[in-house]
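> Chains as they are written, first to last, in the UniProt record's numbering: chain A, 1 to 332; chain B, 1 to 256. Pasting a structure below so you can have a look.
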Amino acid sequence: MNSSPSTILPKAVSVPARVSPRRHLAQAAPWLAAAAVVGYALVVGGYPATVVGFALIYAIFVSGLNIFMGLTAQVSFGQSAFAAIGGYGSAILTTQYDWTWAPAMLAGLAAAVAAAFVIGYPTLRLKGHYLSMATLAIGLIAHEIAVQWESVTLGYLGISGVPPIDIAGFELSSDRATLTMLTVCVLATAFAVARIRRSRLGRAFAGLAGSEDAARALGIDVARYKLLSFLLAAGFASFSGSLFVHVVGYVSPEVFSLHMVILSFTMLYVGGIGTVVGPVIGALVVSVLPETFRALRDYQDLAYGAALILLLIFAPRGLAGLFAALDTRRKP
Amino acid sequence: MSAQAQKACLEVQDATRRFGGLVAVNAVSFQVKPRSVTAVIGPNGAGKTTLFNLISGALSPSSGRVLFEGVDVTAEPPEAKAARGLIRTFQLVKLFPELSAVENVKVGCHLRTRGGLLAALLRPRWARRMEAETEERARVLLELVGLAATADQPAAALSYGQARLLEVARALAAQPRLLMLDEPAAGLNADESARLATLIRRIADDGTAVLLIEHDMHLVMNTADEVVVVDFGKKIAQGAPDRIRQDPAVIAAYLG
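Next comes the structure, spelled out in structure tokens:
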């Protein structure tokens, strides 16, 4: 009785998608551009290396945000909270409890993901603007806790003297060593996002992004996958927060303020939301560009806002979308 | 046919749904037999889509029960019903517009595939094989509905008729036990509509029960084994297509 519907299918006729050399180039171009910027910083060292290093840390944070906002089409203004948990976790455990960096980072990660679970479970039932407001509140609350819980976080003073990451006894304290380590971290993050994107999990995210009703009708547990996406984003946020405190050696509430949220949104949209390379190229461009206009420093936030608006008008799919436009696909 | 085959695939018992003072669906009962095509017809605003939503779980009934393969599934959410093999399409097509046609169908394979975060990151051999099978299966299903040529186009670029057919292919990817189609022929040209009629018969003959809402009487008369007629939320007739065509109550509802 249980005949499988597959028997009604005709013989498989696989039509592989053709990939032109031009398309390969269009895909590689943003990566090559990013590699050029990082390569320059590696060679020059000094201040450019510091700027690019921060950009790479942001690239990881924004990649996580991209899983939730790009792949899953949800909105969160509160991811800074999870970066704060990771950052403070690493800073407190290494300076006050003499943990080494790796277990401290993992503990911070576990705490951030646990917090995301506790926060996400009730709030992800909210939709659209309500979810945005709830997540904005989470970011502000985390910032407030970092300021007020002085016995642990030292308030505005911040925690200094966080040791750099060391691997097999070798401290990654030089510009170039730090930059190399961060590059490896960014590549690993991008690799993870790329694999998630092209998997059953990524398709479930894309399904609920496209239509929650249709996704549920196909058996996708929308609430579960939304939460999973939120946890992944929180995990990458925490990872980037931990990297930040080890690279800078210092953490204060200011690091995880609303400015961080604005900056990361700019990077995501400038780079290209929903793409793998977008967060990386966006983080690099948004970090490096202001340095070329140092005289405008007071108007930095204004410039970000203007850049965001101009990009939304002229390149709605971000810089990654512009690169993709190089690829002129033949119509069948 | 064994006795089991006669057992209803879907049984709707006194399904009722009120919206304030309006009774959109009023104590409707009917059964869908395995391997059969059942059509729900009725004038616009008769409550057909509301009835569909009650069955699929998009709405919960004010009273009444929905039994799927003998199990009371009245209170289950859509994804739980889908997991049992009750898969629907939508009157207003709901595709994933950013994805290509073939990716849309691959999303439909969700229930028939396995793997979460670890499978995605580590991509073990079984996951790679499953991905390849999913891709092949999706392309075969597109071929089946006549969309092979548009497999790699974004769903948003498809015509209305193509989008409808894509939604059917996506639903088939979930290997339903009961396939519910909400006006699948709306917006289809004559060719596409004829192809759809053949496809629906094939799906049913192969063992998947089909329940459809349809305005295209030609399609209904060509494919349905059983027709349920609703008007003002009530079932006014049920029977074989030939009988329904001559039923005075049905003629009155449509003409009067």
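Here a beta-carbon is modelled for each residue, glycine too, at the ideal position from N, C-alpha and C.
Under a three-way DSSP split, which group does residue 44/B fall into?
The answer is coil: DSSP assigns residue 44/B none of H, G, I, E or B.
> Taking DSSP as the reference, what is the three-state secondary structure of residue 122/A?
Helix at residue 122/A.
> Quick one: give me the first and last residue of the alpha helix (DSSP H) that residue 317/A is part of.
Residue 317/A -> no alpha helix (DSSP H), and no H or E assigned at all.
> Considering only C-alpha positions, which residue in the set 45/B, 7/B, 30/B, 175/B is nearest to residue 232/B?
Checked all of 45/B, 7/B, 30/B, 175/B; the closest Cα to residue 232/B is 45/B.
> Return helix, strand or coil for residue 112/B, following the three-state DSSP convention.
If DSSP states are grouped into helix, strand and coil, residue 112/B belongs with the helices.
> Among 188/B, 148/B, 240/B, 195/B, which one has its Cα closest to the Cα of residue 215/B?
Answer by Cα proximity: 188/B.
> From which residue to which residue does the beta strand (DSSP E) around residue 213/B run?
Its beta strand (DSSP E) spans residues 209-213.
> Rounding to the nearest angstrom, what Cα-Cα distance links residue 322/A and residue 98/B in this structure?
If you take the alpha carbons of residue 322/A and residue 98/B, they lie about 17 Å apart.
> Can you list the residues of chain A that residue 124/B reaches, using a CB-CB cut of under 8 Å?
By Cβ distance, chain A contributes nothing, its closest Cβ being about 12 Å from residue 124/B, past 8 Å.
> Just reading off the beta strand (DSSP E) that residue 226/A is part of, what are its end residues?
Note, residue 226/A: premise wrong, no beta strand (DSSP E); alpha helix (DSSP H) at 222-248.
> Using a Cβ-Cβ cut-off of less than 8 Å, list which residues of the segment 205-238 of chain A approach chain B; keep chain order.
Of all residues in the segment 205-238 of chain A, 206, 207, 209, 210, 211, 213, 214, 215, 216, 217, 218, 219, 220, 221, 222, 228, 232 have a Cβ within less than 8 Å of some Cβ in chain B.
> According to the neighbour-count rule (16 or more other Cβ atoms, all chains shown, within 10 Å of its Cβ), is residue 269/A buried or exposed?
Buried.
> Starting from the Cα of residue 206/B, find the closest Cα among 179/B, 194/B, 191/B and give me that residue.
For residue 206/B, the nearest C-alpha among the options comes from 179/B.
> Considering residue 26/B, what are the terminal residues of the beta strand (DSSP E) in which it resides?
Note, residue 26/B: beta strand (DSSP E), 22-32.
> I want to know whether the segment 220-236 of chain A touches the segment 199-212 of chain A - three or more CB-CB distances under 8 Å.
Contact holds: three or more Cβ-Cβ distances are below 8 Å.
> Could you name the residues of the same chain whose beta carbon sits closer than 6 Å to that of residue 181/B, not counting the 5 residues immediately before and after it, in chain order?
Cβ neighbours of residue 181/B beyond the five flanking positions: 89, 212.
> Looking at C-beta atoms only, is the number of pairs between the segment 107-118 of chain A and the segment 76-86 of chain A that lie closer than 8 Å three or more?
The answer is yes - the segment 76-86 of chain A touches the segment 107-118 of chain A, with three or more Cβ pairs under 8 Å.
> Compare the Cα-Cα distances from residue 258/A to each of 171/A, 137/A, 216/A and report the closest residue.
Of 171/A, 137/A, 216/A, the residue nearest in Cα terms is 137/A.
> Can you list, in chain order, the stretches of the beta strand (DSSP E) that have 3 or more residues and sit fully within the segment 126-177 of chain B?
Listed in chain order, nothing qualifies, since the segment 126-177 of chain B has no complete beta strand (DSSP E) run of 3 or more residues.
> Taking only the alpha-carbon atoms, compute the straight-line gap between residue 61/A and residue 287/A and give it to the nearest angstrom.
Going by the C-alpha atoms only, they are around 14 Å apart.
> Use the C-beta contact count for residue 6/A: other C-beta atoms within 10 angstroms, 16 or more gives buried, fewer gives exposed.
Interpretation of residue 6/A is limited by its pLDDT of 42, a score under 50 that renders its predicted location unreliable; no figure is taken from the coordinates.
> Three or more C-beta pairs under 8 Å: does that hold for the segment 166-184 of chain A against the segment 120-129 of chain A?
Contact between the segment 166-184 of chain A and the segment 120-129 of chain A is absent, because fewer than three Cβ pairs lie under 8 Å.
> Select from 17/B, 21/B, 72/B the residue whose C-alpha is nearest the C-alpha of residue 52/B.
Closest by alpha carbon: 17/B.
> Give the residues of chain A in contact with residue 87/B, contact being defined as C-beta atoms less than 9 Å apart.
By Cβ distance, chain A contributes 217, 218, 219.
> Identify which residue in 22/B, 11/B, 37/B, 31/B has its Cα closest to the Cα of residue 241/B.
Answer by Cα proximity: 37/B.
> Exposed or buried, which one is residue 192/B when buried takes at least 16 other CB atoms within 10 Å?
By the 10 Å Cβ count, residue 192/B comes out buried.
> Would you mind telling me which residues of chain A sit closer than 8 Å to residue 115/B, beta carbon to beta carbon, in chain order?
Going along chain A in sequence order, the residues near residue 115/B (Cβ under 8 Å) are 199, 200, 201.
> Is the distance from the Cβ of residue 169/B to the Cβ of residue 216/A below 9 Å?
It is not a contact, given that the beta carbons lie outside the stated cut-off.
> Compare the Cα-Cα distances from residue 70/A to each of 145/A, 197/A, 101/A and report the closest residue.
Measuring from the Cα of residue 70/A, the nearest candidate turns out to be 197/A.
> Report the residue ranges of all alpha helix (DSSP H) runs contained in full by the segment 127-182 of chain A; include only those spanning at least 4 residues, in chain order.
Fully enclosed alpha helix (DSSP H) runs of 4 or longer: 128-148, 150-153.
> Would you mind telling me which residues of chain A sit closer than 8 Å to residue 108/B, beta carbon to beta carbon, in chain order?
Those are 218, listed as they occur along chain A.
> Could one say the Cβ of residue 195/A lies closer than 9 Å to chain B's Cβ atoms, at least one of them?
Interface residue, yes.
> May I have the straight-line CA-CA distance separating residue 103/B from residue 152/B, to the nearest angstrom?
Rounded to the nearest angstrom, the two C-alpha atoms are 8 Å apart.
> With a cut-off of 9 Å, does the C-beta of residue 192/A fall near any C-beta of chain B?
Answer yes: the Cβ-Cβ gap between residue 192/A and chain B drops below 9 Å somewhere.
> Could you tell me which residues DSSP puts in a beta bridge with residue 10/B?
DSSP lists 32/B, 68/B as partners of residue 10/B.
> Measuring straight from C-alpha to C-alpha, what distance separates residue 99/A and residue 93/A?
The straight-line gap from Cα to Cα measures roughly 6 Å.
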